[in-house]
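A.B. asks: First, the structure itself, so that you have it in front of you.
There are 2 protein chains.
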Amino acid sequence: MSDENKCCLFSPEDCARISRACVAFQLRRAARKVTKAFDEALRPSGLKITQFSLLTASFLQENQNVGRLAELLGMDRTTLSRNLKLLENRGLVKLEEGEDRREVRVSLTEEGLEAMEKAAPLWHQMQKQIVSGLGEFRWEAMMSELRLLGKALKK
Amino acid sequence: MSDENKCCLFSPEDCARISRACVAFQLRRAARKVTKAFDEALRPSGLKITQFSLLTASFLQENQNVGRLAELLGMDRTTLSRNLKLLENRGLVKLEEGEDRREVRVSLTEEGLEAMEKAAPLWHQMQKQIVSGLGEFRWEAMMSELRLLGKALKK
DNA sequence: GATATTTAAGTGTATATGCTCTTATCATGA
DNA sequence: TCATGATAAGAGCATATACACTTAAATATC
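Chains as they are written, first to last, in the working numbering: chain A, 948 to 1102; chain B, 948 to 1102.
And the structure:
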């Protein structure tokens, strides 16, 4: 790349500011790291943190339909659909036609419950480690900001 | 799922606490939402926020090798490798053998720079919207917490 | 009651992510 | 110089993510 082009619109300093400031970049990076930490911690349970989250949500929202569950989880319906399919293949959740036959209802199986129970203490340990690493106060603040961020992007 | 099993290890209330508290879940959810918002904002530029981030990083770290870049970005080397490959296919970055012939050196092409410049104002607008939606003060706090979180998980 | 509209979910396609294993190259020491 | 170990990156595999489009079922409208 030639020198005159390097200065078209932004300098390396501008660029560095973008990089440091970018909400998306920082959030995604943090999410990658935290995901990795939890995945390692949960490995003995055979679940990844995403799967543990889905099982937990399915337990909480027993017999919910896919669309509503996706909405609650803040994820795309089709993403959830595929992720649930994988859990169904492993026998961890049950997917059944609803009364409204367009709907698919989600529930945990016995095995799903067992997997969740096996993973729970591992989850708890890593969660404690992260919270204490960050400090209780900062952690509370961050959780609250993340929720606010979610609300701010609701529309 | 039978009733006696529902009480094995945790109640729905415990489960709700896990869900609300889980650092990984909240971070991933926030990352999904923010990613979506930026992807929509950047659409006219033909870049996704992840790609914009990579171009920016490549610009900042001109001629860096893949492994080091991955380290700086806090992502898996193999992930970065593949993502860069996609940008190379589109002619946005150049991947060249280094002096050490095991290494691959990354640099922006003219087109990559142009794409970045086209995306920058769109990025800026969404960034501003999110920051002001959250409030300058909370945003600063969150950025700092995310950086700390990263450091706490360094090892 | 037949047709049009709305709604729930699935499919096709593409990117993002990271683990494990492999390959190519470099550096080191006998 | 050759064997050995270290290092950089790629390949194979699997999951996570979401957009655009399609399909099937329920609802509304005439």
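From the three backbone atoms N, C-alpha and C, an ideal C-beta is built for every residue, glycine too.
Counting along the chain, where does the alpha helix (DSSP H) carrying Leu1031(B) start and finish?
C.D. replies: Sequence index remark: in the second sequence, residue 1031(B) carries index 84 (1-based). Taken as a continuous stretch (DSSP letters only), the alpha helix (DSSP H) holding Leu1031(B) covers Arg1024 to Asn1036.
A.B. asks: Classify Leu982(B): buried if its beta carbon has 16 or more other beta carbons within 10 angstroms, exposed otherwise.
C.D. replies: In the second sequence, the residue the question calls residue 982(B) occupies position 35. For the record, residue 982(B) in the displayed sequence is Thr; it is not Leu. Buried.
A.B. asks: Just to confirm my understanding: we take Ala988(A), look at its own chain, exclude 5 residues before and 5 after, and list those with CB closer than 6 angstroms. What are they?
C.D. replies: By one-based count along the first sequence, residue 988(A) stands at place 41. Closer than 6 angstroms at the Cβ level, and outside the excluded window around Ala988(A), lie Leu1069 and Met1073.
A.B. asks: Is any beta-carbon of chain B found at less than 8 angstroms from that of Leu1042(A)?
C.D. replies: The residue labelled residue 1042(A) in the question sits at position 95 within the first sequence. Cβ-Cβ to chain B under 8 angstroms: no for Leu1042(A).
A.B. asks: Let's see if you can read the secondary structure: which residues bound the beta strand (DSSP E) around Leu1055(A)?
C.D. replies: One-based indexing of the first sequence puts residue 1055(A) at position 108. That run of the beta strand (DSSP E) goes Val1051 to Leu1055.
A.B. asks: Starting from the N-terminal side, write out each stretch of the alpha helix (DSSP H) that is 4 residues or longer and does not extend beyond the segment 1039-1090 of chain B.
C.D. replies: 1057-1081, all fully within the segment 1039-1090 of chain B.
A.B. asks: Could you tell me the alpha carbon to alpha carbon distance between Ala977(B) and Glu960(B), rounded to whole angstroms?
C.D. replies: What you label residue 977(B) is simply residue 30 of the second sequence in a count that begins at 1. What you label residue 960(B) is simply residue 13 of the second sequence in a count that begins at 1. Their Cα atoms are separated by approximately 23 angstroms.
A.B. asks: Would you check if there are 3 or more beta carbon pairs closer than 8 angstroms linking the segment 1020-1038 of chain A to the segment 1046-1062 of chain A?
C.D. replies: Yes, since at least three Cβ pairs between the segment 1020-1038 of chain A and the segment 1046-1062 of chain A fall closer than 8 angstroms, the two stretches touch.
A.B. asks: On the DSSP bridge list, what partners appear for Asn1012(A)?
C.D. replies: Here the question's residue 1012(A) lines up with position 65 in the first sequence. According to DSSP, Asn1012(A) bridges with Arg1052(A).
A.B. asks: Could you tell me if Asn1036(B) is buried or exposed, where buried requires 16 or more neighbouring beta carbons within 10 angstroms of its beta carbon?
C.D. replies: In the second sequence, counting from the first residue as 1, residue 1036(B) sits at position 89. Counting Cβ neighbours within 10 Å, Asn1036(B) comes out exposed, since fewer than 16 surround it.
A.B. asks: To the nearest angstrom, how far is it from the Cα of Gln1076(A) to the Cα of Leu1095(B)?
C.D. replies: Here residue 1076(A) is taken as the residue at index 129 of the first sequence, counted from 1. Here residue 1095(B) is taken as the residue at index 148 of the second sequence, counted from 1. Between Gln1076(A) and Leu1095(B), the C-alpha separation is close to 14 angstroms.
A.B. asks: For Lys980(A), would you say it is in contact with chain B, using Cβ-to-Cβ distances shorter than 8 angstroms as the test?
C.D. replies: What you label residue 980(A) is simply residue 33 of the first sequence in a count that begins at 1. Taking Cβ atoms only, chain B reaches closer than 8 angstroms to Lys980(A), which makes this a yes.
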